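Student:
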Amino acid sequence: MTTDPYPDILEEVTRRRRLGERVVMATVVAAHGSTPRGVGARMLVLRDGTIRGTVGGGEREAELIALARSFHEKGGARLVRVDFAEGLAHGCGPLCGGSMEVFVETIDPARRVIIAGAGHVAYFLHRFLSLLDVATIVVDPRPEFATAERFPGAALLLRPFGEALDGLDITPGDGIVIVTPEHAHDEAVLRAALATPAGYVGMIGSRRKVPTVLARLRADGVGEEQIARVHAPIGLAIGAETPAEIALAIAAEIVGVFKGALARQPGIAAGEGGGRRVP
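Here the sequence shown is numbered in the numbering used here, starting from 10 and rising by one per residue.
Below, the structure is given as C-alpha cells:
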C-alpha cells in the first residue's frame, strides 16, 4: 500500500469547502505494472489550476489537470485510464510501462444552514436538512428550546438573537433562516445576515410585516441589491400551514437556491399567510 506524501490534502479539501469553494480531486484507484504513483495517491486541483499533491507528473498528469479544470465549470466525475506504455514520451521515465485508473471527481462546497430560532418550524427544518446532509447551527437563548434532544447533531448556540451570527465566519456556501419568536428579533438577525456573504437569507413573517421590516431597512440606507437577497416571506408557495409543512417549504427553497434552480421571487410565501409565525 502506497503512503501518500501529501497527507494534508483532505484537510485542504475541508478548508476549501468550508470557504465555499468547489474543488476537484483526482485519486489513483487502480495501478497495473510499473507506475509513478500507487493506489491512493491524490491530487487536488483548484479552480485556477493550482494543484496539491500529484498522481505522477508529466503530460498525463497535465491532461488530468485540464479535465479537472473543466469540471470546475460543469461538475461531474469520470474514471480515466492513464497508460504509461510510452513512459519516456510522457515524462514517466524508463521504469514506467504500466497503467493507472484515476477517478476524477467534483467536490462541491459544504452546505451549512444557520437557524435563528429553535421553535416548532426550526425543529422540523433541522430534520429535513439532516436528511439532505446539510449541517445546521441552531441559535436561541432559550435553553428549554435549544436542546440536543430536539436538535440531534446540530451545533447549539445559546446566545441572544442580537449576537446570533457573531464569530460564525459565514460564507457563500451557507444559508441563514430567521424564525425567531419575535419580529424585533427577526429584524435584528436580518440586519446581521445582510452584512454577510451568505448564499441564502430567508425570514419568516406575514405579508404585512415583511414589507414593514424591509421599509425600515431601506430607511436606514440598506441598498436594493441587499434587500433583493432576502427571501421573505420565506419558503416556496406550496400552501403550507403546519410547522412541518412550512419547514418543508423552506428546505425546498434552500435546495432550489443553492442548486441554481430558483431565483428570488418577491412575494412568494410558504403559505397564504406568508410563512406565518409559529414560535
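From the three backbone atoms N, C-alpha and C, an ideal C-beta is built for every residue, glycine too. None of these values were measured; they are calculated from a predicted model.
Taking 8 Å as the cut-off, does the region 82-95 touch the region 207-225 (at least 3 CB pairs, one atom from each stretch)?
Tutor: no
Student: Which residue wins for smallest C-alpha separation from ILE18, given the options ILE60, SER43, GLY42 and ARG31?
Tutor: ILE60
Student: Distance, Cα to Cα, ILE247 vs ALA258?
Tutor: 7 Å
Student: Can you tell me the Cα-Cα spacing of ILE179 and THR205, whole angstroms?
Tutor: 6 Å
Student: Do LEU174 and ARG151 have their C-beta atoms within less than 9 Å of each other?
Tutor: no
Student: Does the region 73-81 come close enough to the region 139-158 to have 3 or more Cβ pairs within less than 8 Å?
Tutor: no
Student: Rounded to whole angstroms, what's the CA-CA distance from ARG31 to GLU114? Just pull it up for me.
Tutor: 11 Å
Student: I need the DSSP call for ARG51, collapsed to helix, strand or coil.
Tutor: strand
Student: DSSP three-state call for ASP57: helix, strand or coil?
Tutor: coil
Student: Measure the CB-CB distance between ALA155 and GLY171 and report whether it falls below 9 Å.
Tutor: no
Student: Please report the Cβ distance between VAL239 and MET212, rounded to the nearest whole angstrom; I am assuming they are in contact, meaning their Cβ atoms lie under 8 Å.
Tutor: 6 Å
Student: By a C-beta neighbour count over all protein chains shown, 10 Å radius and 16 as the cutoff for buried, is ALA82 buried or exposed?
Tutor: It should be noted that the sequence gives Glu, not Ala, for residue 82. With fewer than 16 other Cβ atoms within 10 Å, it is exposed.
Student: According to the neighbour-count rule (16 or more other Cβ atoms, all chains shown, within 10 Å of its Cβ), is ALA260 buried or exposed?
Tutor: buried
Student: Starting from THR145, follow the beta strand (DSSP E) in both directions and report where the run begins and ends.
Tutor: 144-148
Student: Just verifying my parser: in three-state terms, what is the DSSP assignment at THR115?
Tutor: strand
Student: So, are the CB atoms of VAL210 and ILE185 less than 9 Å apart?
Tutor: It is a contact, given that the beta carbons lie within the stated cut-off.
Student: Could you compute how far the alpha carbon of VAL242 sits from the alpha carbon of ALA86?
Tutor: Residue 242 is actually Pro in this sequence, not Val. The alpha-carbon of PRO242 is positioned some 37 Å away from that of ALA86.
Student: Candidates PRO181, ALA127, GLY176 and ILE255: which alpha carbon is nearest ALA157's?
Tutor: ALA127
Student: In chain order, what residues of the same chain have a beta carbon less than 7 Å from the beta carbon of ILE236, not counting five sequence neighbours either side?
Tutor: Closer than 7 Å at the Cβ level, and outside the excluded window around ILE236, lie LEU223, LEU226 and ARG227.
Student: Could you compute how far the alpha carbon of GLU70 sits from the alpha carbon of GLY84?
Tutor: 19 Å
Student: Within 10 angstroms of its Cβ, does GLU188 collect 16 or more other Cβ (buried), or is it exposed?
Tutor: According to the sequence shown, residue 188 is Val rather than Glu. By the neighbour-count rule (16 or more Cβ atoms within 10 Å), VAL188 is buried.
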